[in-house]
Amino acid sequence: MSDAFLEIKDLKAHFPVERGIIFRREVGTVKAVDGVTLTLRRGEILGLVGESGCGKSTLGRTILQLIPATDGVVVLAGKNLTQLEGSELRHARADFQMIFQDPYASLNPRMTVFDTLAEAIGAHSNIPRGEMPDRVNRLMEKVGLSPRFLNKYPHEFSGGQRQRIAIARALAVEPKLIVADEPVSALDVSIQAQIINLLAKLSREMQLTLIFISHDLSVVKHISDRIAVMYLGKIVELGPATKVFERPLHPYSKALVSAVPIPDPVREKKRERVILAGDPPSPMNPPSGCPFHPRCRYAIADCAKIVPKLENFDPDQQASCIRMREIN
Amino acid sequence: MPLLEVTNLRTSFHTRHGIVRAVNDVSFSLEKGDTLGIVGESGSGKSVTCYSLMRLIPQPPGRIEGGTAIFDGVDLLKASPEQLSKIRGKRISMIFQDPMTSLNPYMRISEQLIEPLLIHEKISRDEALKRAMAMLAEVGVPDAAKRIRSYPHEFSGGMRQRVMIAMALITKPELLIADEPTTALDVTVQAQILDLVKKMQRELGMAVIWITHDLGVVAGFCKRVQVMYAGRIAEHAATDELFAKTAHPYTRALQKSIPALQPKGAALYTIAGMPPDLSRNIEGCPFVPRCEFAQEQCKQPVALKDITPGHATACLRVQKNEITL
Amino acid sequence: MMSTEPPIITTPSAEIEPGHSLWQDAWHRLRQNKLAVAGGIFVALLALVCLLSIFIAPGTYAKTNLALGATAPSAAHWLGTDILGRDMLARILMGGCISLSVGLAATLVSVVIGVLYGAISGYVGGRLDVIMMRIVDIIYSLPFVIFVILILVVFGKHIVLLFMAIGAVSWLDMARIVRAQVMSLKKQEFVEAAVALGLRKRRIILRHMIPNVLGIVAIYGTLIVPSVMLLEAFLSFLGLGVQAPMSSWGTLINDGRKSIEEYSWLLIYPSLFFSLTLFSLNFLGDGLRDALDVRASKD
């Protein structure tokens, strides 16, 4: 697969749960990410969707080596990231960056825009101080921010502007991969569009591989080339964005897609809704067999016994359900 | 006789940087059993409007500058504390966006559920507990009899919101105000909560005001919609009409911004410009700087006017039939 | 990629808008708090006068006049004289010097120790944190006053030892507070972002952690000063603090208490000055807390 730019193989992130005050015993494991395999091309945009507790944020952070992987491998442009440590890892970080959900919390409130961006630009390169203002200006214009605001502090900006600063900071180190963890969830609808457009444009222009994490399917569908649906630490469906949205294969994806409100009263009233019962189970006690079977309307006896694997329904769409062909 | 009639509501915040006119001359009415959606982005005044009705605005720095809100003959804005306490929590209930901060983390759910009953109705604790358990089961909390003794942090987000709904509806109010209760929840949980509120509304025959920024939620849930911008009402119509015969450029722009309705591949539509600074006095239509149809005449003061019965717009050019959207 | 882009004309600085840091906002809020401002001015003035008195009329506080004895306030001695004929005004000002400098010095010691201890414990975490905090717990539970008394009795009543003894036990609260703040800061996304950028740990602590801890340190620091002053007064009351002829307010109050009926001014004036100073520092600390309470999200 010479196309493969980012290869993730059987990635796991398990967290032990300990009890006890003086002597800590392990009583269980939270399997936040439980065996994820993905391959992305250079410049591809992958939408990663799922609900709270499915592990998508943890997966993003594990890929970026912000959370140590318990098992599995992440290879970016031929470099094995999971093996890196110490200052090697620190230097390699220029290649992969993150954009966070809360634009206010992700900026140091006591640093001006200039400080924040200059720090990022200078993190892995020796730029002479005289050149710095020019570089910062260019970076700000790239994300649509006026250089007039150089000396302002995060709290003096709106949410959308802060997110632009965060994007500029991520771009400052010239990364190859960016993981955006719910980058627009905290923003107003009209501002969301601006930021999504910006990310899409930057990804195209700079050949950036982008993993866009969100719980909002319609946002993800628009920007992504492919969509991966996560449930309880595993990917349950993977395929081209429009296909996954218009013809979801996995029962969970079906429920997810049907839950998205359609802003068109005529269509909204006509369509068939799949309302999921109950809450997502805790990742500490995943159900036996298929993790979704307790809430699945198509579940049969075997579903509690067999752990399904991702299988191809057609060449580009996969789902992990043993009844995949029957129900579609 | 409408259940709630709001006329010329004006609420401002007196801050260090100036007077922010958060709600600027808002009027609407609600019939018994109606579902009204109030749609807007941050700064539109949608939440402040309802907080003003419930007198939940901190004064200072907030101040209700004028207007009336008649609920069953009582003006909520001028009611005495005694009158208010008989209405708030009993006849008008409210649920909020973040169930974690709306529930008292130190009290068991049982205590919080029976509190409104003990205050507003003269029943015994046992009676109240029985009703609380029944209510909890009705809103879909499994194992209600056992879980009623839990604390808020032992529930998930969706469950907490159900508890909030139970608390709000336990006194069988005539009006429920919901301020973005599902914005922070997963989309499947949101669907469950919307279904639940629909069911309760049918059973209790109550009116609902649902505040949201999501036009999709409004499309499936509300009979009437009110779109707010910069503290004013931009458009007010029956939901079907709002979508089919949009009568304000802002409403149209909002619809165009929704990713779900846009073709893949092209850049998403964005509304140019930024929301206005509400501390500056705006003559005429506040949407002018961002509107593609704006003209000189739009800078004069415009009032909300019906263009067809039940469908009102604050756009001068639409009122004059100069443009169709 | 950067080198092929045309150079951008740098914006002339006249066009760059100034920013308002959170400190500036806090300062503005503080200035509006009249009590805090009054307290701050009082302490500043007092400190100034006390300092000046050392240079203007050195030694006055120790000049005895046995023939005069204790006299009530008069034109010659504004606040009267004590039993040995020493001018009370001079003594009170000297006492102010001592009390304030003990307060400030001991607070400085406890802040420095507390911040370092708490920052390391909070940032490194894990076993080290557990051990460090258990040490704090143990020291906390010891009868500290007895400790200080022991130190002073065994090693002598030198004023420097007094500073150190007080400072050595008052850092505990600061350590806990800084540790809690650092631990919550660690989880903040901008720290995660700094790690993701590949910044060195040292830079993260200095540039991202410490500046965000200073607010809390300033608040609690100003509140440690009055409690340290009270402690010193208490020790002086017991006879363990500064020794005659140097007088802190504690010693003055102790002396005054002995003749409360005959020469009441010997007790009233030192107590008055002491109370006013404590009030002022507390108002200042409260004002700082309100001003720095950054609910700064302007959304």
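Residue numbers (our numbering), protein chains in the order written: chain A, 2 to 329; chain G, 575 to 899; chain X, 5 to 303. All C-beta atoms in this analysis are idealised placements derived from N, C-alpha and C, irrespective of residue type, glycine included.
Sequence-distant residues of the same chain with beta carbon closer than 6 Å to residue i, five excluded per side
i, result
"residue 670 (chain G)", "676, 753"
"residue 40 (chain A)", "5, 8"
"residue 262 (chain X)", "none"
"residue 328 (chain A)", "299"
"residue 239 (chain X)", "245"
Outcome for residue i when other beta-carbon atoms lying within 10 angstroms are tallied against a minimum of 16
i, result
"residue 31 (chain X)", "exposed"
"residue 14 (chain X)", "Annotation note: pLDDT 46 at residue 14 (chain X) (below 50); position unreliable, coordinate value reported separately. The residue in question, residue 14 (chain X), is exposed, as its Cβ has fewer than 16 Cβ neighbours within 10 Å."
"residue 322 (chain A)", "buried"
"residue 270 (chain A)", "exposed"
"residue 127 (chain X)", "buried"
"residue 707 (chain G)", "buried"
"residue 716 (chain G)", "exposed"
"residue 206 (chain A)", "exposed"
"residue 269 (chain X)", "buried"
"residue 294 (chain A)", "buried"
"residue 110 (chain X)", "buried"
"residue 784 (chain G)", "buried"
"residue 45 (chain A)", "buried"
"residue 183 (chain X)", "buried"
"residue 24 (chain A)", "exposed"
"residue 633 (chain G)", "exposed"
"residue 142 (chain A)", "exposed"
"residue 898 (chain G)", "exposed"
Nearest-angstrom Cβ-Cβ length linking residue i and residue j, presumed shorter than 8 Å
i, j, result
"residue 684 (chain G)", "residue 722 (chain G)", "5 Å"
"residue 690 (chain G)", "residue 744 (chain G)", "6 Å"
"residue 836 (chain G)", "residue 251 (chain A)", "So it is not a contact: roughly 25 Å between Cβ atoms."
"residue 60 (chain A)", "residue 18 (chain A)", "In fact, because the Cβ distance is near 19 Å, the residues do not count as touching under 8 Å."
"residue 25 (chain X)", "residue 111 (chain A)", "7 Å"
"residue 219 (chain A)", "residue 261 (chain A)", "6 Å"
Residues near residue i in its chain [Cβ-Cβ closer than 8 Å; skip 5 each side]
i, result
"residue 877 (chain G)", "888"
"residue 724 (chain G)", "682, 683"
"residue 660 (chain G)", "694"
"residue 648 (chain G)", "657, 661"
Beta-bridge pairing of residue i - partner residues as DSSP gives them
i, result
"residue 595 (chain G)", "G:586"
"residue 15 (chain A)", "A:32"
"residue 602 (chain G)", "G:580"
"residue 667 (chain G)", "G:750"
"residue 152 (chain A)", "Beta-bridge pairing links residue 152 (chain A) to no other residue."
"residue 283 (chain X)", "The partner list for residue 283 (chain X) (beta bridge, DSSP) is empty, contrary to what the question assumes."
"residue 81 (chain A)", "A:76"
"residue 211 (chain A)", "A:46, A:179"
"residue 640 (chain G)", "G:584"
"residue 178 (chain X)", "According to DSSP, which records beta bridges pairwise, residue 178 (chain X) is partnered with nothing at all."
"residue 241 (chain A)", "A:227"
"residue 97 (chain A)", "A:178"
"residue 787 (chain G)", "According to DSSP, which records beta bridges pairwise, residue 787 (chain G) is partnered with nothing at all."
"residue 612 (chain G)", "G:785, G:800"
"residue 315 (chain A)", "A:318"
"residue 763 (chain G)", "Answer by DSSP bridge pairing: none, since residue 763 (chain G) is not bridged."
"residue 305 (chain A)", "DSSP, once it has assigned bridges, lists no residue as partnering residue 305 (chain A)."
"residue 7 (chain A)", "A:41, A:77"
Cutoff 7 Å; reference residue i; Cβ partners in own chain excluding five residues on either side
i, result
"residue 43 (chain A)", "6, 208, 210"
"residue 713 (chain G)", "736, 739, 740, 770"
"residue 101 (chain A)", "107, 167, 182"
"residue 830 (chain G)", "843"
request  = Taking a Cβ distance cut-off of 9 Å, strictly less, list which residues of the region 84-97 of chain A are near chain X, in chain order.
outcome  = 88, 90, 91, 92, 93, 94, 95, 97
ask   = Mind listing which residues of the region 94-120 of chain A have their C-beta closer than 7 Å to chain X's C-betas, in chain order?
value = 94, 95, 98, 99, 101, 103, 105, 106, 107, 108, 109, 110, 111, 113
query = Listed from N- to C-terminal order along the chain, which residues in the region 229-263 of chain A have their beta-carbon within a distance smaller than 8 Å of any beta-carbon of chain X?
reply = none
Interface residues of the region 780-804 of chain G facing chain A [CB-CB below 7 Å] = 787, 788, 789, 790, 791, 793, 794
Where the region 832-853 of chain G meets chain A: residues whose CB sits under 8 Å from a CB there = 832, 833, 834, 835, 836, 838, 841, 842, 843, 844, 845, 848
key: Short-range partners of chain A found in the region 208-223 of chain X, where Cβ spacing is below 8 Å   = 211, 212, 215, 216
ask   = Given a limit of 9 Å on CB to CB distance, which residues of the region 615-643 of chain G reach chain A?
value = 615, 616, 617
Interface positions of the region 730-754 of chain G facing chain A (Cβ-Cβ less than 9 Å), listed along the chain = 730, 731, 732, 733
task = Below 7 Å between beta carbons is the criterion; list the residues of the region 200-221 of chain A that meet it against any residue of chain X, in chain order.
result = Hits within the stretch: zero.
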